[in-house]
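Worksheet for the structure shown next.
Protein chains: 2
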Amino acid sequence: MSDLLERLRGRGWRLTAQRRVVAEVLNGDHVHYTADEVHARAIERLPEISRATVYNTLGELVSLGEVIEVSTDGRAKRYDPNAHRAHQHLVCSRCGTIRDVHPSGNPLADLPAEERFGFAVSAVEVTYRGLCPECAATEPAGQPA
Amino acid sequence: MSDLLERLRGRGWRLTAQRRVVAEVLNGDHVHYTADEVHARAIERLPEISRATVYNTLGELVSLGEVIEVSTDGRAKRYDPNAHRAHQHLVCSRCGTIRDVHPSGNPLADLPAEERFGFAVSAVEVTYRGLCPECAATEPAGQPA
DNA sequence: TCTTGACTTGGATTATGTCTAATGTAGGAT
DNA sequence: ATCCTACATTAGACATAATCCAAGTCAAGA
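First to last, the protein sequences are chains P and A.
Quick note: the first sequence, position 134, residue 148 per my numbering, numbers continuous.
Quick note: the second sequence, position 141, residue 155 per my numbering, numbers continuous.
Written out as structure tokens, the structure is:
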């Protein structure tokens, strides 16, 4: 994580206590917090940090390419610090848990020219959906919540 | 479209003027309106229809499997009436235009067992992103808005 | 036609995200 | 070590998207 902070400082990013805390909260694997979840965790370390600063900092990290914004449920956007290895997402339809996954193949190649409508296609996002083991265990046959 | 209404009535759906209008607004190809866009168009035909009813009706159509909910931009959800042919979406990164596309291949098969974390994976959504021809023409080299 | 349970309404409420003016401060300059 | 100032932070207002609710309305079967 200090790698990240060093890298950002090298790019002229002004390092403040607030930004450091936000970066620290985002440290880890399979981390996909909403802005408010980041804020709640940041407050535990720096009680006076404001929501606006969390939103600002997350937006900057996204612009800098250090964090990826994902919206897997049409509700709050989530922030994924795993920006340096290409990956896709696997989401539990019931509890919303998200895992980073690495499918084989290249979906870009699966879109034929006649299906491109003249677009210059440059990126593709894939979201897998299903039941996680915990939810499958407690939900024998009903439909997802 | 009357096919749809007949089908729904057959399922015990009570047919009201409001529901008919919402269903009519959603008729067509490459239709991906937000709830407010549906409401605005519905008002042209039935001025007293309320937002709540539009939300309710869209939610019901989604539950019935007649309309698909898509959120391609982290903002308002969009409603796609093309629910009876599997397809994916191609989105312009600048203006937000959405096209329905039909890639070859099966992305589900691209997710190896060791990348499934024990999930029962049942569905996959793919979103292609790029510049549409109109935006490419007016945006020689800048970044997407 | 009558009845009834489902549907619709408008306004309040919640959730998420953005903006602004006032204040604070990191880090280079001296 | 201290000062400057451009950039960062703050609280709260504002904006947007969606949901909730109690009261009134109505489609469709009897």
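Where is the CB? At the ideal position from N, CA and C, for every residue including glycine.
Closest option to Q32/A, judged by alpha-carbon separation, among E129/A, L18/A, G119/A and N70/A: N70/A. Taking a Cβ-Cβ cut-off of 7 angstroms, the neighbours of S118/P in chain A comprise D124 and P126, given in sequence order.
The Cβ atoms of V135/P and L125/P lie closer than 8 angstroms to each other.
Look at V36/P here: in three-state DSSP terms it is helix. In this structure, the beta-carbon distance from P117/A to P117/P does not fall below 8 angstroms. Judged by their CB atoms, E83/A and G88/P are nearer to each other than the 8 angstroms cut-off. A134/A belongs to the set of residues whose beta carbon lies under 8 angstroms from a beta carbon in chain P.
Across the set A127/A, L19/A, I57/A and T111/A, the C-alpha of L19/A shows the shortest separation from the C-alpha of N41/A. In terms of CA proximity to T152/P, C109/P leads the group A123/P, C109/P and A137/P. Legend: CB atoms of the segment 69 to 96 of chain P lying less than 8 angstroms from CB atoms of chain A belong to residues E83, S85, D87, G88 and K91.
Residue burial annotation: P147/P is exposed, with fewer than 16 other C-beta atoms found within 10 angstroms of its C-beta. At a C-beta separation below 9 angstroms, A150/A has these neighbours in chain P: G132, F133 and A134. For V140/A, the enclosing beta strand (DSSP E) covers residues A134 to L145. When the beta-carbon positions are compared, A90/A and V68/A stay at least 8 angstroms from each other. Per the C-alpha coordinates, the member of H44/A, A100/A, D43/A and G73/A positioned closest to V36/A is G73/A. Y47/P is positioned such that its CB atom lies no closer than 8 angstroms to that of R99/P. For E62/P, no alpha helix (DSSP H) segment is defined, and its DSSP state is neither H nor E. Taking a beta-carbon distance threshold of 8 angstroms, P61/P does not count as an interface residue toward chain A. Look at R23/A here: in three-state DSSP terms it is helix. E80/A: not part of any beta strand (DSSP E); DSSP gives it neither H nor E.
The Cβ atoms of I112/P and T86/P sit closer than 8 angstroms to each other. Within chain P, the C-beta atoms nearer than 8 angstroms to that of C146/A come from F131, G132 and F133, in chain order. Taking C-beta atoms under 8 angstroms as the contact rule, T141/P and V138/A qualify, at a distance of about 7 angstroms. Chain A has no Cβ within less than 8 angstroms of the Cβ of A56/P.
Counting only Cβ-Cβ distances below 9 angstroms, T141/A has contacts in chain P at A137, V138, E139, V140 and T141, in chain order. Counting the other CB atoms within 10 Å of its CB gives E129/P a total of 16 or more, which places it among the buried residues.
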